[in-house]
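Below: one structure, written as structure tokens.
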Amino acid sequence: MQINPGSMLPQRRPLPVIVLADTSTSMEGVKINTLNSALSEMNSKLSDLHDTRGQIHLGVVTFATNAQRVLPITPIEDVIMPTLSASGMTAMGAAFQMTCDILEDENQLPKRAWSPTIVLVSDGLPNDEWQEPLRRLLDSPKGKRAVRVAIGIGEDCDFDLLKAFINHPEVPVFRADQVEKITDFFRFVTFSVMSRSTAKDPNSANLPLHLLDEDNLEF
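Following full-length UniProt numbering, the numbering of the sequence shown begins with 1 at its first residue and continues without gaps.
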């Protein structure tokens, strides 16, 4: 009987990345277009990685009048990035709740998965109840261990809320006073995930926070 040597290799553990994207009316125009471009670039760069310790999986949850799982957790090489559009309100609490459900679903995030990276993007204030869903997210086993980063676009964000989401004294909220900063933020996220995916222990890898001080971050 012949044995395929490839079948004897240990299967890489999933390394999930979940993006929570504000797609309310205030994000329309150049903001949503820049966000779409940044997500597409991140997907392209991450799908080019090889020989990583963790197999990157990507998912996208949008929140406007409702929360929607527009991209289920998918191996990065199989991702077809949806084009986001902006309209409606800002149901951030519903997005937190949906993220909790994803984290607790072992069909999407098996027990053997590395801790997820959760990315929050917003330019405004939630108009639904968000405190309890956020508490549930931060108290959940996988949510508690997650690497959480956030960007506030413009001056109308609830930056205290974004800080509460990160819930880490050494990780700042990324402030985008110019729309172009969305691109820089997602390049930082991409570098962070790349670093985790190649680390000896992705769960212990440090965020490359020094990159946040760089202007026009390039690959």
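C-beta atoms are modelled at their ideal positions from N, C-alpha and C, and glycine is treated no differently.
Exercise. Taking I56 as the reference, which of V147, I76, M42, K45 has the closest Cα?
Worked result: For the purposes of this step, residue 56 is taken as residue 56 along the sequence shown, with counting starting at 1. Ranking V147, I76, M42, K45 by Cα distance to I56 puts I76 first.
For this session: Can you tell me which of the three DSSP states P16 falls into?
Result: Your numbering for residue 16 matches position 16 in the sequence shown. In the structure shown, P16 sits in a strand (DSSP, three-state: E or B).
For this session: Following the continuous beta strand (DSSP E) through residue 222, name the residue where it begins and the one where it ends.
Result: Since the first residue of the chain shown is 1 and the last is 219, residue 222 is not available in this structure.
Problem set entry | Opening and closing residue of the alpha helix (DSSP H) in which V30 lies | On the sequence shown, position 30 is the one that residue 30 refers to. First-last of the alpha helix (DSSP H) with V30: 30 to 47.
Problem set entry | Rounded separation between R136 and L49 - CA only | By one-based count along the sequence shown, residue 136 stands at place 136. By one-based count along the sequence shown, residue 49 stands at place 49. Distance between the alpha carbons of R136 and L49 is about 33 Å.
Problem set entry | For A176: DSSP bridge partner residues | One-based indexing of the sequence shown puts residue 176 at position 176. Paired residue(s): I153.
For this session: Could you say which of R13, H168, G124 lies nearest to G143 if we only look at CA atoms?
Result: Locating residue 143 in the sequence shown gives position 143, counting from the first residue. Out of R13, H168, G124, H168 has the C-alpha closest to the C-alpha of G143.
Problem set entry | Assigned secondary structure, L143 (DSSP; H/G/I helix, E/B strand, else coil) | Taking the sequence shown and counting its residues from 1, one reaches residue 143 at position 143. Correcting the residue identity first, residue 143 is Gly in this sequence and not Leu. Reduced to three states, the DSSP call for G143 is helix.
Exercise. Under three-state DSSP, which class holds V61?
Worked result: Residue 61 sits at position 61 when you count from the first residue of the sequence shown. Three-state DSSP puts V61 in a strand.
Exercise. In whole angstroms, what separates the C-alpha of Q68 from that of D177?
Worked result: Numbered from 1 along the sequence shown, position 68 holds the residue referred to as residue 68. Numbered from 1 along the sequence shown, position 177 holds the residue referred to as residue 177. Distance between the alpha carbons of Q68 and D177: 27 Å.
Exercise. Rounded C-beta distance between A150 and P16? I'm assuming under 8 Å.
Worked result: Position 150 of the sequence shown holds residue 150. Position 16 of the sequence shown holds residue 16. About 17 Å separates the two Cβ atoms, so there is no contact after all.
For this session: Could you tell me the distance, in whole angstroms, from the CA atom of S204 to the CA atom of S195?
Result: Position 204 of the sequence shown, counted from the first residue, corresponds to residue 204. Position 195 of the sequence shown, counted from the first residue, corresponds to residue 195. C-alpha separation (whole angstroms): 11 Å.
Exercise. Comparing alpha-carbon positions, which option in M98, M89, T52 lies nearest E132?
Worked result: Reading the sequence shown from its first residue, position 132 is the one you call residue 132. When only C-alpha atoms are compared, the closest one is M98.
Problem set entry | Helix, strand or coil at T117 according to DSSP, with G and I counted as helix | As a position in the sequence shown, residue 117 is number 117, starting the count at 1. Three-state DSSP puts T117 in a strand.
For this session: Note down the Cα distance separating L125 from T90, rounded to an integer number of angstroms.
Result: Along the sequence shown, one-based indexing puts residue 125 at 125. Along the sequence shown, one-based indexing puts residue 90 at 90. About 7 Å.
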